[in-house]
Amino acid sequence: MEILVAGGDGFIGRPLCAELAERGHDVTAMSRSEPAESLPDGVHHATGDVTDSDSTESVVDGHDAVVNLVALSPLFSPSGGEEKHFEVHLEGTKNLVAAAEEAGAERFLQQSALGADPDGPTHYIRAKGQAEAVVRDSDLDWTITRPSVVFGDGGEFVKFTKLLAPPYVTPLPGGGKTRFQPIHVGDLVPMLADAVLEDEHVGETYDIGGPEKLTMAEVARLGHRADGRGVNVLPIPMSLSKIGLSALDYVPGFPFGSDQYRSLQMDNTVDDNDVSAFGVDEDELTTLASFLGV
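Residue numbers (the numbering used here): 6 to 299.
As structure tokens, this is what we get:
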């Protein structure tokens, strides 16, 4: 197949492009600019911006399958404000879907997020939920994946947790009890490849998590322990955290704000882990502790 991976030069995109190429497919990674590092062997590059319908159409043309990995991080306030989530996640998805339909593509894989909801509490969650609706209403053979936070070399999750929870004595909203179910990028990527290539996944939405549920405090302790440092968590009432983080909406360049506060009120875990749909057992997955070497 001729497969286009939008966001193919990113943290998840690079290993996915490599996986698809190794399985014998002709893969093109699309990004807004030239990749800072060489792409995996056998992977081509195309310049395109999902928020620009003209550039998207020209790049998608001729491909049998399209993967949409383009995303802004929910962990930090985006440059340009929280409305950027709708520009990138919603309008970008609309442009990719329209281009894929016009090109006669057979498959479309949409990388969404756990808890995606058109009426959700954050801009990120709402934009992701509305983008899912665009994909489901299309004429394409679609699949939607909703992973929890993804970790691995080059990932931002552990880095974010260390930033929010510095070592030794750290104040955390609600005592850092928000739960995550982190999955290693090396475990996730083969599932995404299967989702693109195997017909049994058409029309399905998958909630995907790792092998364990960890609180933010536990993630912080693991991350700092890997650096040889300890963490004592000082619980901060969520009401006070709301005031503090909401005020940061008005501080230029600061990466946290009211949306990040609302995110910390929601667990990022799965009720039924759909890794089983890909013939994977949770017990086979990489734990965060083993990745960090602690």
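Cβ atoms here follow ideal geometry from the backbone N, Cα and C, with glycine treated the same way.
Please work out which residues of its chain come closer than 7 Å, Cβ to Cβ, to residue i, disregarding the five sequence neighbours upstream and downstream, and give them in chain order.
i, result
"Pro123", "Arg131, Gly134, Gln135 and Ala138"
"Pro195", "Glu24"
"Ala121", "Ile130, Lys133, Gly134, Glu137 and Arg151"
"Ile188", "Pro152, Ser153, Val155, Ile213, Gly214, Gly215 and Leu290"
"Gly181", "Ala170, Thr220, Met221, Ala222, Ala225 and Val238"
"Thr292", "Pro216 and Glu217"
"Ser78", "Glu161"
"Val140", "Thr98, Val102, Phe113, Gln115, Trp147 and Ile149"
Between residue i and the rest of its own chain, which residues show a CB-CB distance below 6 Å, the 5 nearest in sequence each way excluded?
i, result
"Glu223", "none"
"Ile248", "The pLDDT assigned to Ile248 is 45, lower than 50, so where the model puts this residue is not dependable; a value taken from the coordinates is nonetheless given after this. Answer for Ile248: no residue qualifies."
"Arg230", "Val299"
"Lys167", "Gly228"
"Gly160", "Phe16"
"Gly157", "His189 and Val190"
"Gly53", "Met35, Ser60, Thr61 and Val64"
Are the CB atoms of residue j and residue i within a distance shorter than 8 Å?
i, j, result
"Ala198", "Leu21", "yes"
"Thr148", "Leu114", "yes"
"Pro83", "His90", "yes"
"Asp31", "Glu62", "no"
"Ser153", "Leu119", "yes"
"Phe185", "Thr274", "yes"
"Pro40", "Asp57", "no"
"Leu297", "Leu193", "no"
"Tyr173", "Gly235", "yes"
"Gly67", "Ser36", "no"
"Gly47", "Ala34", "no"
"Val71", "Asp146", "no"
"His128", "Glu92", "no"
"Gln116", "Ala51", "no"
"Pro45", "Arg19", "yes"
"Thr183", "Asp272", "yes"
Using DSSP with H/G/I as helix, E/B as strand and the rest coil, what is residue i?
i, result
"Glu287", "helix"
"Val207", "coil"
"Leu9", "strand"
"Ser58", "helix"
"Phe185", "strand"
"His68", "coil"
"Thr2", "In the structure displayed, the chain extends from 6 to 299; residue 2 sits before or after that span and is not available."
"His49", "strand"
"Ser84", "coil"
"Pro152", "strand"
"Leu219", "strand"
"Glu39", "coil"
"Asp276", "coil"
"Phe177", "Reading off the sequence, residue 177 comes out as Leu, not Phe. DSSP places Leu177 in strand when its eight states are reduced to three."
"Val307", "This structure leaves residue 307 out entirely; the chain is present only between 6 and 299."
"Val139", "helix"
Under 8 Å Cβ to Cβ from residue i, same chain only, skipping five residues before and after it: list those, please.
i, result
"Asp69", "Met6, Glu7, Ile8, Ala110, Glu111 and Arg112"
"Leu177", "Leu169, Ala170, Met221, Ala222, Ala225, Val238, Leu239, Pro240 and Ile241"
"Asp144", "Glu106"
"Asp286", "Val280"
Taking the continuous beta strand (DSSP E) assigned at residue i, which residues delimit it?
i, result
"Met35", "Asp31 to Ser36"
Assuming residue i is part of the alpha helix (DSSP H), what are its boundary residues?
i, result
"Arg19", "Gly18 to Glu27"
"Ala198", "Val190 to Leu202"
"Phe91", "No alpha helix (DSSP H) holds Phe91; DSSP gives it neither H nor E."
"Ser295", "Leu293 to Leu297"
"Leu169", "Phe162 to Leu169"
Uninterrupted beta strand (DSSP E) stretches inside the stretch 101-135 (no shorter than 3 residues):
112-116
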